[in-house]
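These notes are about the structure you will find just below.
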Amino acid sequence: MIDASNQKFNLAIIGAGMAGMAAAVFAAKRGLSTVIVGSLVESWFTGGLIDLMGVHPIESGKSWQDPWAAIEAVVKDIPGHPYAHIPREDIKAALQEFYAFLNDAGLPYRFEDDRNSNLITAFGSIKTAHGIPQTMWPGVTALSDKSPCLIVDFKGLKGFSADLLAERLKEEWPGLRTLSIPSIYGDQVHEINPVPLARDLEIAEYRQKLAGLIKPHVKEVEFVGLPAVLGIHQPDKVIDELGEMLGKPIFEIPAMPPSIPGMRLKEAFLRFLPVNNVHCLFQKHVLKATPTSEGEFSLDIGRTEHEDSIRADAVLLATGRFLGGGLQSDHTTVTEPIFDLPVFQPGNRELWHGDGLFELGGHAINQAGLETDAMFRPLDPNGQPAFEKLFAAGIILAHQDWTRMKCGSGLSVASAYGTIKAIGGLMS
Ligand SMILES: Cc1cc2nc3c(=O)[nH]c(=O)nc-3n(C[C@H](O)[C@H](O)[C@H](O)COP(=O)(O)OP(=O)(O)OC[C@H]3O[C@@H](n4cnc5c(N)ncnc54)[C@H](O)[C@@H]3O)c2cc1C
Numbered sequence: 008m009i010d011a012s013n014q015k016f017n018l019a020i021i022g023a024g025m026a027g028m029a030a031a032v033f034a035a036k037r038g039l040s041t042v043i044v045g046s047l048v049e050s051w052f053t054g055g056l057i058d059l060m061g062v063h064p065i066e067s068g069k070s071w072q073d074p075w076a077a078i079e080a081v082v083k084d085i086p087g088h089p090y091a092h093i094p095r096e097d098i099k100a101a102l103q104e105f106y107a108f109l110n111d112a113g114l115p116y117r118f119e120d121d122r123n124s125n126l127i128t129a130f131g132s133i134k135t136a137h138g139i140p141q142t143m144w145p146g147v148t149a150l151s152d153k154s155p156c157l158i159v160d161f162k163g164l165k166g167f168s169a170d171l172l173a174e175r176l177k178e179e180w181p182g183l184r185t186l187s188i189p190s191i192y193g194d195q196v197h198e199i200n201p202v203p204l205a206r207d208l209e210i211a212e213y214r215q216k217l218a219g220l221i222k223p224h225v226k227e228v229e230f231v232g233l234p235a236v237l238g239i240h241q242p243d244k245v246i247d248e249l250g251e252m253l254g255k256p257i258f259e260i261p262a263m264p265p266s267i268p269g270m271r272l273k274e275a276f277l278r279f280l281p282v283n284n285v286h287c288l289f290q291k292h293v294l295k296a297t298p299t300s301e302g303e304f305s306l307d308i309g310r311t312e313h314e315d316s317i318r319a320d321a322v323l324l325a326t327g328r329f330l331g332g333g334l335q336s337d338h339t340t341v342t343e344p345i346f347d348l349p350v351f352q353p354g355n356r357e358l359w360h361g362d363g364l365f366e367l368g369g370h371a372i373n374q375a376g377l378e379t380d381a382m383f384r385p386l387d388p389n390g391q392p393a394f395e396k397l398f399a400a401g402i403i404l405a406h407q408d409w410t411r412m413k414c415g416s417g418l419s420v421a422s423a424y425g426t427i428k429a430i431g432g433l434m435s
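Given below as structure tokens:
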């Protein structure tokens, strides 16, 4: 652990989810002295896919293959959407730099510049995303060609059933076969946790065992799909070797949490940040932020009680929404707990949710968040930046329902890039 107490930084990032971590990478590459504070929970990165923009308008459920056309339509229809603050070339630059970082960190992603790609999920649905882990990419090709394919599940691994998946997809992809294999640990094991399974598949002996169980069933298929548990640190090696043993290309299918692709993302950030001079105060929280008379910020850090203080010229709030704690609510109002910033929200509690749980247009509360200026600075009640050097990025931003619009990680990465560009501009 690096002792950051009494140190002064150019930038303090609050929140270590996708937005905070991406911002830390962008800041490090631009030489900003940076500290990041927040707890590491891999489920923040769940799925491992980079959604850029997939659905608009949400009430129609219209799905877009061209994310740029989708963003253009969103910005026209919802002028407050965070993408309205980022020119297209900056979103492209953000993605390019982010994918390059992942590649350098040993976690290559595949994407088509101007198209979303489709892949199947553990639920038997077809998902559209922009950035796809390389380990899942052959599944994009297989789905597009509707190639004969074997889907394999592990008996005892919960939340992934090859039969269920094939049954749900039988109209779109009739060429799916299924196989349920017994445990690679022997007959006595009834329940498998994906995390130790992924670790064990990095051991040659278990890989050989797995290949031996699948091999007799691959004669008439062109691809083999497995849940995303094929190694944590070296998934490409696991997949290449399995593919060689089976003589067929292998692909991973996004599965239920705990998410192995999420863990891989977390590991990629952890490999990069500390050695690139980012001070990492993980497992700690910002308990209180105080603006100083010099225009800086003093932050109180700790687990539950104050342990340290740090100072920074600029602060980036990347604390997420309700799940992450970036927004809080009582029975009447949504609040932002660190700076007490105004939160865009429905006029009263009655309006938070629609009548049905699966309301087509979503729920108004899921568009709550911070409104900002074009530099991602949260606004005060008069519509002016609350502080000159306070910024916000990620899903804490208002006017977007990332789960329904399918823009979670893309929006986080793009707004992180936008804030670092703005901060760099102010500091130069
Ligand atoms: C279950 C699930 C599935 C997902 N699937 C996809 C997907 O398929 N595709 C996709 O593109 N995106 C997906 N996402 C979204 C994506 O992974 C990110 O969650 C999203 O981009 C939002 O990132 P964020 O950093 O803004 O917020 P969050 O991910 O919510 O992170 C906010 C962080 O801030 C921390 N924090 C809050 N308050 C403080 C404080 N006072 N001090 C320090 N830290 C604080 C929280 O602990 C949290 O770690 C999924 C997310 C979840 C949860």
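Start counting at 1 in the sequence shown, then tack on 7, and there's your number in my numbering.
Beta carbons are placed, not taken as given, at the ideal position from N, Cα and C, and that holds for glycine.
Keep in mind that this is a model prediction, so the values were computed, not measured.
Let's see if you can read the secondary structure: which residues bound the alpha helix (DSSP H) around residue i?
i      : result
Phe276 : Ile267 to Phe279
Ala129 : Per DSSP, Ala129 belongs to no alpha helix (DSSP H) and is neither H nor E.
Glu251 : Pro242 to Leu253
Ile430 : Gly415 to Met434
Glu212 : Ala211 to Ile221
Leu39  : Here Leu39 belongs to no alpha helix (DSSP H), and DSSP marks it neither H nor E.
Phe105 : Arg95 to Asp111
Pro145 : Trp144 to Asp152
Glu174 : Ala169 to Arg175
Asp207 : Pro201 to Asp207
Ala296 : From DSSP, Ala296 is part of no alpha helix (DSSP H) but of the beta strand (DSSP E) over His292 to Pro298.
To the nearest angstrom, report how far apart residue i and residue j are at their CA atoms.
i      : j      : result
Ile78  : Met60  : 6 angstroms
Thr297 : Ile345 : 9 angstroms
Gly68  : Ser316 : 46 angstroms
Glu209 : Ile427 : 37 angstroms
Leu39  : Leu18  : 7 angstroms
Tyr116 : Ala393 : 37 angstroms
Glu66  : Gly354 : 21 angstroms
Ser422 : Gly219 : 46 angstroms
Gly146 : Ala205 : 19 angstroms
Ile127 : Leu150 : 8 angstroms
Val293 : Pro256 : 46 angstroms
Glu378 : Ser336 : 17 angstroms
Gly54  : Ser266 : 6 angstroms
Ala80  : Val62  : 10 angstroms
Pro268 : Asn389 : 42 angstroms
Ser154 : Arg271 : 28 angstroms
His92  : Trp75  : 14 angstroms
Ala211 : Glu174 : 33 angstroms
Phe108 : Lys273 : 13 angstroms
Gly331 : Leu306 : 19 angstroms
Would you mind sorting residue i into buried or exposed? The rule is 16 or more other CB atoms within 10 Å of its CB.
i      : result
Glu312 : exposed
Gln352 : buried
Lys162 : exposed
Met8   : Interpretation of Met8 is limited by its pLDDT of 45, a score under 50 that renders its predicted location unreliable; no figure is taken from the coordinates.
Ser435 : exposed
Ser300 : exposed
Asn284 : exposed
Leu334 : buried
Thr339 : exposed
Gly45  : buried
Glu343 : buried
Asp58  : buried
Glu96  : exposed
Ser132 : exposed
Leu358 : exposed
Lys226 : exposed
Asp362 : exposed
Arg310 : exposed
Would you give the residue range spanned by the beta strand (DSSP E) that residue i belongs to?
i      : result
Gly401 : Element bounds for Gly401: n/a, residue is neither H nor E.
Thr410 : Careful: Thr410 lies outside any beta strand (DSSP E), inside the alpha helix (DSSP H) at Trp409 to Met412.
Asp315 : His313 to Leu324
Lys184 : Before going on, a small fix: residue 184 reads as Arg here, not Lys. Residues Leu183 to Ile188.
Lys15  : Lys15 to Ile21
Ile158 : Cys156 to Phe161
Ile257 : Ile257 to Ile260
Ile5   : The requested residue 5 does not occur in the structure, where the chain is confined to residues 8 to 435.
Of all the CB atoms in chain C, is at least one closer than 8 angstroms to the CB of residue i?
i      : result
Asp380 : Structure shown: chain C not included; a single protein chain is present.
Is the closest heavy atom of ligand 3 to the C-beta of residue i under 7 angstroms?
i     : result
Met25 : By its list of ligands, the structure shown excludes ligand 3, since it contains just ligand 1.
### Task
Please confirm if the segment 98-106 is in contact with the segment 28-42, defined as three or more CB-CB distances below 8 angstroms between the two stretches.
Judged by pairs of C-beta atoms under 8 angstroms, the segment 98-106 touches the segment 28-42, as three or more such pairs exist.
### Query
Quick check: the segment 237-245 against the segment 72-92, are there 3 or more CB pairs under 8 angstroms?
The answer is no - the segment 72-92 does not touch the segment 237-245, with fewer than three Cβ pairs under 8 angstroms.
### Message
Using 8 angstroms as the cut-off, can you tell me whether the segment 357-373 makes contact with the segment 265-281, which would need three or more C-beta pairs spanning the two stretches below that distance?
### Response
Not touching, per the Cβ criterion.
### Query
Does the segment 395-403 touch the segment 118-125, meaning 3 or more C-beta pairs lie closer than 8 angstroms?
Cβ pair count under 8 angstroms is below three, so no.
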